[in-house]
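Numbering (the working numbering), first residue to last: 692 to 1025.
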Amino acid sequence: MGANEKSTGAREELHGDDASFPCSLAHAPGAQAVSAPMQLIRDIHESCRAAGRPAVSFEFFPPKTDEGDRNLMEKTLPALLALKPDYCSMTYGAGGSTRDKTIGMVDRIQREHGLTAMMHLTCVNATRAELGEVLADAKKRGIMNILALRGDPPGGTGEWIATEGGFQYSSQLVAFIRELGGYCIGTAGFPEGHIAQKAGGLADWDFLVGKIQAGADFVITQLFFDNEDFFRFHDYVVKKVGRPVTIIPGMLPILSGKQTKKFTAMCGSRLPAPFVARLDALGDDDAAVIEYGIEYCTRQCEALLKFGVPGLHFYALNKPHSTSAVVRNLGLAR
Ligand SMILES: Cc1cc2nc3c(=O)[nH]c(=O)nc-3n(C[C@H](O)[C@H](O)[C@H](O)COP(=O)(O)OP(=O)(O)OC[C@H]3O[C@@H](n4cnc5c(N)ncnc54)[C@H](O)[C@@H]3O)c2cc1C
């Protein structure tokens, strides 16, 4: 699949229409050049730990339209920056389809908003040499934080086939980036096991241990709705690695019942029965679903913080309202 070709992976399903911006928190600043030093995320985690507070980060996706770009840069980001987050990240479209857009947006966020931004990078449709070029381009722009992923098969489903001259697993990409040197590397973790892992969750968790041993500095997890899944996963991985590991839960304050059910089916995340019952009762009342999403996510985060997670990574879906509300509810807006 070429760089500009459209694709529909699970993450695109979650992102939906990037042009809508239903939030009242927004304000529109001019795009200003800000010169704040970019930090390595492992250093950010370290200083948060020393300060005795969790790191707060937000995930965005590259908008598909100019209007989406403006909403993200001029409304969503300023609204979320008011909370003083520690860093953010930008996804890499399924099939590597947003390569230039992703790197361009990460660059702009760092330059125009002075917020450390991490670039997601996948092995899809890329040789080792091409990945090396993307990483060199990132480094030239001061982008030193990379979330190293395998990516989903183009189209989001079907069998994964590695590109000739590329990598089969994300652990190889992690090792490659580590060998290049100078980058801070994140990797993906799946509290319920990865959907394509036929041998089960434990096998997937063992592969995560391999990714950490290959040189990943920290883990960000797939979304999940039952903290017990995270607790089991966390304790297993930390015990197997044999030293403390920075594992950051990925949190989704849900925005729509239908979209949540469709996306979680695609990525294999389980929805607890009482959660589904409440979603069914709320039906198409989107405003009520959003409020329930804020309440559920706040309770989930409170329990995770009590457990001692070193940070919270919010799937903000390029909309600030729900994520802002959860962060404020938790008293984490600085
Ligand atoms: C926080 C987060 C951010 C994401 N961002 C993006 C994004 O920006 N763009 C995008 O396209 N996708 C993204 N994804 C989705 C991710 O790319 C897919 O879920 C992908 O299928 C798995 O990626 P991975 O890096 O975990 O792959 P891997 O670690 O390579 O694992 C892929 C599969 O292979 C198995 N496996 C791993 N190592 C081995 C081994 N040594 N031997 C045998 N089997 C093995 C695993 O169990 C798993 O089933 C993200 C996921 C998360 C959790």
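In this text, a Cβ means the ideal position worked out from N, Cα and C, and glycines have one as well.
| Query | Result |
| --- | --- |
| CB contact check: residue 791 to chain D, cutoff 7 angstroms | Within the model displayed, chain D is absent; a lone protein chain is all it includes. |
| Check: residue 947 C-beta below 6 angstroms from any heavy atom of ligand 1 | no |
| Residue 934 classed as buried or exposed, judged by whether at least 16 other C-beta atoms fall within 10 angstroms | exposed |
| Where residue 1020 falls: helix, strand or coil (DSSP) | helix |
| Nearest to residue 906 (by Cα), restricted to the options 930, 915, 878 | 878 |
| In DSSP terms, what residue 983 is bridged to | DSSP, once it has assigned bridges, lists no residue as partnering residue 983. |
| Sub-7 angstroms separation of residue 843 and residue 733 beta-carbons | no |
| Helix, strand or coil at residue 712 [DSSP, three-state] | For residue 712, the predicted model reports a pLDDT of 30, less than 50, meaning its position is unreliable and no value from the coordinates is stated. |
| C-alpha gap between residue 803 and residue 834, whole angstroms | 14 angstroms |
| Alpha-carbon spacing of residue 974 relative to residue 951, whole angstroms | 12 angstroms |
| Residue 880 - containing beta strand (DSSP E), residue span | 875-880 |
| Near ligand 1: residue 778 beta-carbon under 6 angstroms from a heavy atom | no |
| Complete alpha helix (DSSP H) runs within the stretch 894-981 (minimum length 4 residues, chain order) | 918-932, 948-958, 964-973 |
| Per-residue burial, residue 749 [other beta carbons within 10 Å of its own, 16 or more giving buried] | buried |
| 4 or more residues per run - each alpha helix (DSSP H) lying fully within the stretch 797-849 | 819-831 |
| Close beta carbons around residue 1009, own chain, < 8 angstroms, minus the five adjacent residues each side | 706, 709, 751, 752, 754, 759, 762, 763, 767 |
| DSSP state of residue 785 mapped onto helix, strand, coil | helix |
| Under 7 angstroms between C-beta atoms of residue 928 and residue 899 | yes |
| Per-residue DSSP class, three states only, for residue 884 | coil |
| CB-CB length for residue 854 against residue 912, believed under 8 angstroms | With a Cβ gap of about 26 angstroms, residue 854 and residue 912 do not count as contacting. |
| Cβ contact check for the stretch 819-833 and the stretch 854-863: 3 or more pairs under 8 angstroms | yes |
| Exposure of residue 756, with buried meaning 16 or more beta-carbon neighbours within 10 Å | exposed |
| Contacts around residue 713, its chain only, beta-carbon distance under 8 angstroms, and the 5 residues preceding and following it disregarded | Caution is warranted here: a pLDDT of 28 is assigned to residue 713, below 50, making its placement in the model unreliable, and the coordinate value is therefore given only provisionally. So the qualifying residues of the chain are 1010, 1012. |
| Contact test: residue 925 Cβ vs ligand 1 heavy atom, cutoff 6 angstroms | no |
| Residue 815 versus 781, 788, 868, 826, residue with shortest Cα-Cα distance | 788 |
| Host beta strand (DSSP E) of residue 1003 (start-end) | 1002-1006 |
| Closest by C-alpha distance to residue 915, when choosing among 841, 779, 997, 963 | 963 |
| For residue 750, the first and last residue of its enclosing beta strand (DSSP E) | 746-751 |
| Residue span of the alpha helix (DSSP H) that contains residue 732, given as start and end | 732-742 |
| Residue 895 versus residue 801: straight-line alpha-carbon distance, rounded | 33 angstroms |
| Three-way DSSP call (helix, strand, coil) for residue 717 in this model | The predicted position of residue 717 is uncertain, since its pLDDT is 28 and thus under 50; no value can be drawn from it. |
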